[in-house]
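K.L.:
Take a look at the following structure, please.
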Amino acid sequence: NAGVTQTPKFQVLKTGQSMTLQCAQDMNHNSMYWYRQDPGMGLRLIYYSASEGTTDKGEVPNGYNVSRLNKREFSLRLESAAPSQTSVYFCASSDRRLALRNEQFFGPGTRLTVL
Amino acid sequence: GENVEQHPSTLSVQEGDSAVIKCTYSDSASNYFPWYKQELGKRPQLIIDIRSNVGEKKDQRIAVTLNKTAKHFSLHITETQPEDSAVYFCAASNSGAGSYQLTFGKGTKLSVIP
Numbered sequence: 016n017a018g019v020t021q022t023p024k025f026q027v028l029k030t031g032q033s034m035t036l037q038c039a040q041d042m043n044h045n046s047m048y049w050y051r052q053d054p055g056m057g058l059r060l061i062y063y064s065a066s067e068g069t070t071d072k073g074e075v076p077n078g079y080n081v082s083r084l085n086k087r088e089f090s091l092r093l094e095s096a097a098p099s100q101t102s103v104y105f106c107a108s109s110d111r112r113l114a115l116r117n118e119q120f121f122g123p124g125t126r127l128t129v130l
Numbered sequence: 003g004e005n006v007e008q009h010p011s012t013l014s015v016q017e018g019d020s021a022v023i024k025c026t027y028s029d030s031a032s033n034y035f036p037w038y039k040q041e042l043g044k045r046p047q048l049i050i051d052i053r054s055n056v057g058e059k060k061d062q063r064i065a066v067t068l069n070k071t072a073k074h075f076s077l078h079i080t081e082t083q084p085e086d087s088a089v090y091f092c093a094a095s096n097s098g099a100g101s102y103q104l105t106f107g108k109g110t111k112l113s114v115i116p
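First to last, the sequence lines map onto chains E and A. Under the numbering used here, the first residue of the first sequence is numbered 16, with each subsequent residue one higher. Under the numbering used here, the first residue of the second sequence is numbered 3, with each subsequent residue one higher.
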């Protein structure tokens with residue numbers, strides 16, 4: 016049981032390049048999330064998917080797109096990377112059947128640098 | 003939307019002393035309040051959580067208290083140990099509204115000095 020996995024672990028891009036961050040979970044969770052973490056800013060929600068087939072914007076969606084490929088996988092795409100997108104990106108998942116408890120399980124993170 | 007403020011941003015304590023981290027939230031409809039611990043270079047992990055129908059919850063050396071009227075909640079760590087050194091995040095959620103978002107505070111870096 017691997018939990019939440021992310022690829023790649025590290026990535027360096029040049030301004031204007033595109034890339035897709037991959038996330039997968041094997042806990043049969045309904046909901047999945049993408050966060051970015053910057054020093055002193057905590058975890059900020061980029062996009063989330065409450066269930067397979069739905070996606071919604073979070074606090075900081077500009078410059079990103081997402082795809083909920085199936086129940087297991089949720090990808091984050093940067094179409095034209097900018098230096099302001101240099102950050103650590105975390106994927107997370109949760110089981111909404113736990114009605115009043117939204118414990119989120121995080122992946123190991125992707126450290127992205129945009130030059 | 004929800005706004006979560008967390009204080010202090012950094013905290014240093016001597017080993018064996020207690021540490022307290024405080025958070026306030028803005029949305030009175032929030033009903034779920036987790037705390038996450040993030041060690042250097044690692045992923046955030048849930049350490050304790052509390053729902054709005056409970057005022058206090060303990061798990062060994064850690065406890066969380068919630069004051070719904072004042073809209074604040076706190077993390078208490080007693081008998082601190084060097085392995086408690088990490089960044090701690092509070093969060094708030096209205097899980098009953100069909101929204102599954104957590105709004106996080108900006109974090110507290112706790113250093114336990116041996």
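From the three backbone atoms N, C-alpha and C, an ideal C-beta is built for every residue, glycine too. Please read these numbers as outputs of a predicted model, since none were measured by experiment.
Can at least three beta-carbon pairs, one atom from the region 4-23 of chain A and one from the region 73-93 of chain A, be found at a separation below 8 angstroms?
P.N.:
Because the criterion of three Cβ pairs below 8 angstroms is met, the region 4-23 of chain A and the region 73-93 of chain A touch.
K.L.:
Measure from the C-beta of Met42 (chain E) to each C-beta in chain A and report whether the shortest distance is under 8 angstroms.
P.N.:
Chain A, which has no Cβ nearer than 8 angstroms to the Cβ of Met42 (chain E), makes this no.
K.L.:
May I ask which residues mark the beginning and end of the beta strand (DSSP E) holding Pro36 (chain A)?
P.N.:
Its beta strand (DSSP E) spans residues Tyr34 to Gln40.
K.L.:
Please report the straight-line C-alpha distance between Arg59 (chain E) and Glu74 (chain E), rounded to a whole angstrom.
P.N.:
The alpha-carbon atoms of Arg59 (chain E) and Glu74 (chain E) are separated by roughly 6 angstroms.
K.L.:
Answer with buried or exposed for Thr105 (chain A), where buried requires no fewer than 16 other C-beta atoms within 10 angstroms of its C-beta.
P.N.:
By the 10 Å Cβ count, Thr105 (chain A) comes out buried.
K.L.:
Could you name the residues of the same chain whose beta carbon sits closer than 8 angstroms to that of Asp71 (chain E), not counting the 5 residues immediately before and after it, in chain order?
P.N.:
Excluding positions up to five away in sequence, the list reads Tyr62, Tyr63, Ser64 and Ala65.
K.L.:
Measuring straight from C-alpha to C-alpha, what distance separates Phe89 (chain E) and Thr26 (chain A)?
P.N.:
Phe89 (chain E) and Thr26 (chain A): Cα-Cα distance of roughly 31 angstroms.
K.L.:
Under 8 angstroms, with one C-beta from each stretch per pair, do the region 28-37 of chain A and the region 64-80 of chain A reach the 3-pair mark?
P.N.:
Because the criterion of three Cβ pairs below 8 angstroms is met, the region 28-37 of chain A and the region 64-80 of chain A touch.
K.L.:
What does DSSP give as the partner residues of Arg126 (chain E) in its beta bridges?
P.N.:
Paired residues: E:Phe25 and E:Val103.
K.L.:
Any beta-carbon of chain A closer than 8 angstroms to the one on Met56 (chain E)?
P.N.:
Cβ-Cβ to chain A under 8 angstroms: yes for Met56 (chain E).
K.L.:
Once DSSP output is grouped into helix, strand and coil, what is the label at Glu7 (chain A)?
P.N.:
Three-state DSSP puts Glu7 (chain A) in a strand.
K.L.:
Does the distance from the CB of Tyr90 (chain A) to the CB of Leu112 (chain A) come in under 8 angstroms?
P.N.:
Yes; because the gap between Cβ atoms is below 8 angstroms, this pair is in contact.
K.L.:
Measure from the C-beta of Phe25 (chain E) to each C-beta in chain A and report whether the shortest distance is under 8 angstroms.
P.N.:
Chain A, which has no Cβ nearer than 8 angstroms to the Cβ of Phe25 (chain E), makes this no.
K.L.:
Could you give the DSSP three-state label for Asp86 (chain A): helix, strand or coil?
P.N.:
Reduced to three states, the DSSP call for Asp86 (chain A) is helix.
K.L.:
Gly124 (chain E) and Val103 (chain E) look like a contact to me (Cβ under 8 angstroms); what is the Cβ gap, rounded to whole Å?
P.N.:
Between Val103 (chain E) and Gly124 (chain E) the Cβ distance is about 5 angstroms, and since that is below 8 angstroms, they are a contact.
K.L.:
For Ser46 (chain E), go through chain A and note every residue whose CB falls closer than 9 angstroms to its CB, in chain order.
P.N.:
Simply Tyr102.
K.L.:
Under the rule that 16 or more other beta-carbon atoms within 10 Å means buried, what is Leu127 (chain E), buried or exposed?
P.N.:
So Leu127 (chain E) ends up on the buried side.
K.L.:
Straight-line CA distance for Gly109 (chain A) to Tyr50 (chain E)?
P.N.:
Approximately 15 angstroms, taken between the alpha carbons.
K.L.:
For Val22 (chain A), write down the residues that DSSP places opposite it in a beta bridge.
P.N.:
Its beta-bridge partners are A:His78.
K.L.:
Using a threshold of 8 angstroms, state whether the C-beta atoms of Ala65 (chain A) and Val6 (chain A) are closer than that.
P.N.:
Their beta carbons are not under 8 angstroms apart, which means Ala65 (chain A) does not touch Val6 (chain A) by this criterion.
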